[in-house]
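Asker: Just so we're aligned, residue 1 is where the sequence shown starts under the numbering used here, counting upward by one.
Every residue, glycine too, gets a C-beta built ideally from N, C-alpha and C.
Since the model is a prediction, treat every value here as computed from it, not as a measurement.
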Amino acid sequence: MHIMVVGAGKVGSTLAEHLTKEEHDVVVIDNNPEVLDKCQDAMDVMCVLGNGANMQTLVNASIDETDILIAATASDEINMLCSLAAKRLGAKYTIARVRDPQYQESLRMFQKVMDIDSAINPELATALEIGHLLRFPFASNVETFAKGKIEMIAFHAQAQDAIVGIPLKDIPTMSNKIPKVLYCAIQHDNKVYIPNGNSVIQANDHVYVTGEHNNIKEYFRTLRGNLRLKNVMIIGGGRISYYLTQRIIMDGMHVTLLELDPKKAQRLSDELPHATVLCGDGTNIDTLEQEGIRNMDAFICLTDRDEENLMAGLYAMRAGIPKVVIKNNRSNYSDIIASLGLDSVVSPKQITSDYILRYTRAIANSHGSSVEKLFRLMDGQAEALEFVVKEGDKKFLGKPLRDLHLKPNTLVAVIVRGDKIITPFGNDHLEAGDSVIIMSCESGISNLNEVFR
């Protein structure tokens with residue numbers, strides 16, 4: 001497909017990189033020549049200097065030949081205007097990044113008026129992901145599928161866990177107390193593989209399990225005990241903190257929010273009356289101790305500087321806080337952060353990129369069972385995808401899974417048929433309307449036909 005990315009910042013450049021790897025023709029528009037030079041040197045993309053909301057710039061970049069325009073500049077208004085102009089000039093689909101909370105209540109109306117096919121708010125999406133992590137304090141990552149019916153949870157196995165050192169096929173017979181879940185991916189010594197019944201989980205392995213919500217909840221309660229978070233400290237008063245505080249207060253948590261800017265702290269205090277909003281430097285150890293960090297159940301660092309988030313997160317971890325979450329947009333920090341023991345890391349850039357990649361794959365395969373959800377796991381070494389099976393998928397429809405040839409390093413993890421959750425075996429089959437979750441150690445899958453050979 002021909003895809004145009006307007007704005008070559010963190011999100012735009014990341015998107016352009018992944019889209020070129022998936023063999024799309026990518027055009028990048030930005031008004032900063034230095035940024036475009038970096039894109040040109042690092043990627044096989046066409047670069048156009050100019051304002052993406054300017055119709056002449058879009059015409060010069062061949063907007064009439066564009067399948068998807070992605071507006072990812074720092075300005076919501078420019079992104080919406082760019083989407084409208086692109087549609088008027090012939091672009092088939094538009095995606096806009098819209099971040100400001102004032103637009104959220106009427107976002108659907110804005111989409112209709114500005115002819116935007118899909119809108120993504122990175123800060124809101126990040127807040128929702130952190131909210132999932134707070135529901136499962138032992139988890140390093142939480143993803144949901146099939147309209148919330150299925151959850152995929154990542155956690156680090158500990159030596160004392162009952163599942164360590166035992167073949168997966170023997171875990172259900174070993175103890176009736178451990179609920180059955182599907183072990184769908186394991187990372188051992190930085191290598192990811194799809195496990196089978198003979199696979200053995202070892203201490204410090206990064207494990208992904210999938211199942212229905214209540215079953216997953218009972219699984220972790222049995223494995224690690226019941227830890228409920230009550231007191232949460234958030235550092236940084238940006239949009240993510242605003243959205244997150246709103247949501248977790250509704251879950252009965254008490255929030256202490258530290259913001260360095262006095263004006264921003266006052267505004268947040270007015271907008272979040274049920275939270276304790278304080279003006280102070282949340283990366284200062286004396287301030288953290290003074291505000292009772294050691295009495296907190298969770299510590300979430302969301303400043304604009306990844307280095308400060310890392311250092312404050314490490315201090316909170318050493319202070320014994322049960323759940324520590326930090327924001328980090330630098331992918332080259334991932335290995336360092338993991339080696340330090342901080343496994344709950346969120347990246348608005350990555351979340352936005354995953355959302356848009358899922359959308360582009362769905363459009364590219366609109367005639368078959370295209371991607372409904374896409375999550376890249378373990379630094380991109382694996383992907384979890386959700387598809388809805390369609391009537392036209394006669395290649396595999398109604399056939400036992402044992403008779404189908406799966407792509408190597410790929411697993412059919414779960415089938416959802418109405419209200420029925422199916423852990424698939426060889427005799428199970430797919431029906432039209434099913435939601436099916438696929439795990440794969442290969443990237444780029446966009447259609448179920450690519451899963452079954």
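Note the first and the last residue of the continuous beta strand (DSSP E) segment covering Ile336.
Answerer: Note, Ile336: premise wrong, no beta strand (DSSP E); alpha helix (DSSP H) at 334-339.
Asker: Just to confirm the assignment, what range does the beta strand (DSSP E) spanning Ser241 have?
Answerer: Segment 239-250 is the alpha helix (DSSP H) holding Ser241; no beta strand (DSSP E) there.
Asker: So, do the stretch 382-397 and the stretch 155-167 have three or more beta carbon pairs nearer to each other than 8 angstroms?
Answerer: No, the stretch 382-397 does not touch the stretch 155-167.
Asker: Taking Tyr93 as part of the beta strand (DSSP E), name the residues at either end of that continuous run.
Answerer: 93-97
Asker: Can you tell me whether Pro101 is helix, strand or coil according to DSSP?
Answerer: Pro101: helix per DSSP, three-state reduction.
Asker: Short check: CB of Val209 to CB of Met174, under 9 angstroms?
Answerer: Judged by beta-carbon spacing, Met174 lies beyond the 9 angstroms limit of Val209, meaning their Cβ atoms are not closer than that value.
Asker: Pull the bridge partners of Ser118 from the DSSP assignment, please.
Answerer: Ser118 pairs with Ile95.
Asker: Take the Cβ of Gly392 as the centre, count every other Cβ of all protein chains shown within 10 Å, and call the residue buried at 16 or more, exposed below.
Answerer: Of the residues assessed, Gly392 falls on the exposed side of the cut-off, its CB having fewer than 16 other CB atoms within 10 angstroms.
Asker: From what residue to what residue does the beta strand (DSSP E) around Phe136 run?
Answerer: Looking at the DSSP string, Phe136 is not in any beta strand (DSSP E), and its letter there is neither H nor E.
Asker: Taking the C-alpha atoms as reference points, what is the distance between Arg267 and Arg417?
Answerer: Cα to Cα, Arg267 sits roughly 47 angstroms from Arg417.
Asker: Might you give, ordered along the chain, the residues of its own chain that have their beta carbon closer than 6 angstroms to the beta carbon of Gly12, omitting 5 neighbours on each side?
Answerer: Same-chain partners within the cutoff: Val5, Ala72.
Asker: Work out the CA separation of Thr222 and Phe136 for me, nearest whole Å.
Answerer: Approximately 13 angstroms between the Cα atoms of the pair.
Asker: Excluding sequence positions up to five away, which residues of its chain have a Cβ less than 7 angstroms from the Cβ of Gly444?
Answerer: Glu22
Asker: Name the DSSP bridge partner or partners of Gln266?
Answerer: Answer is none; Gln266 lacks a bridge partner.
Asker: Go to Asp214, then tell me how far its alpha helix (DSSP H) extends in each direction, as first and last residue.
Answerer: The amino acid occupying residue 214 in the given sequence is Asn; Asp does not appear at that position. Start and end: 213-224.
Asker: Return the CA-CA distance between Asp251 and Met55, expressed in angstroms with no decimal places.
Answerer: Each residue's alpha carbon lies about 46 angstroms from the other.
Asker: To the nearest angstrom, how far is it from the Cα of Ser440 to the Cα of Asn409?
Answerer: 6 angstroms
Asker: Could you tell me which residues DSSP pairs with Asp25 in its beta bridges?
Answerer: His2
Asker: Apply the 10 Å Cβ neighbour rule to Leu227 and answer buried if 16 or more other Cβ atoms are within range, or exposed otherwise.
Answerer: Within 10 angstroms of the beta-carbon of Leu227 lie fewer than 16 other beta-carbons, which makes it exposed.
Asker: Residue range of the alpha helix (DSSP H) that Gln40 falls in?
Answerer: 33-42
Asker: So what does Glu450 bridge to, in DSSP terms?
Answerer: Per DSSP, none; premise fails for Glu450.
Asker: Rounded to whole angstroms, what's the CA-CA distance from Ile363 to Ile70? Just pull it up for me.
Answerer: 13 angstroms
Asker: Report the partner residues of Gln187 according to the DSSP bridge assignment.
Answerer: Val192, His206
Asker: Suppose the cutoff is 6 angstroms on Cβ atoms and the five residues either side in sequence are ignored; what does the same chain contact list for Ile421 look like?
Answerer: Glu212
Asker: Does Gln102 pass the burial test, meaning 16 or more other C-beta atoms within 10 Å, or should it be called exposed?
Answerer: exposed
Asker: Compute the Euclidean distance between the alpha carbons of Asn32 and Gln40, then round it to the nearest angstrom.
Answerer: 13 angstroms
Asker: Give a yes or no on whether the C-beta atoms belonging to Lys323 and Leu89 are separated by under 9 angstroms.
Answerer: Not a contact, by the Cβ cut-off of 9 angstroms.
Asker: Starting from Thr276, trace the beta strand (DSSP E) both ways and give me its first and last residue.
Answerer: 276-279
Asker: Any contact between the stretch 193-210 and the stretch 291-309? By contact I mean 3 or more CB pairs, one from each, below 8 angstroms.
Answerer: no
Asker: Where do the ends of the alpha helix (DSSP H) carrying Lys349 lie?
Answerer: That run of the alpha helix (DSSP H) goes 348-364.
Asker: Would Ile356 be called buried (16 or more neighbouring beta carbons within 10 Å of its own) or exposed?
Answerer: buried
Asker: Taking 9 angstroms as the threshold (C-beta atoms), are Leu401 and Val389 in contact?
Answerer: Against a cut-off of 9 angstroms, the Cβ pair of Leu401 and Val389 comes out as no contact.
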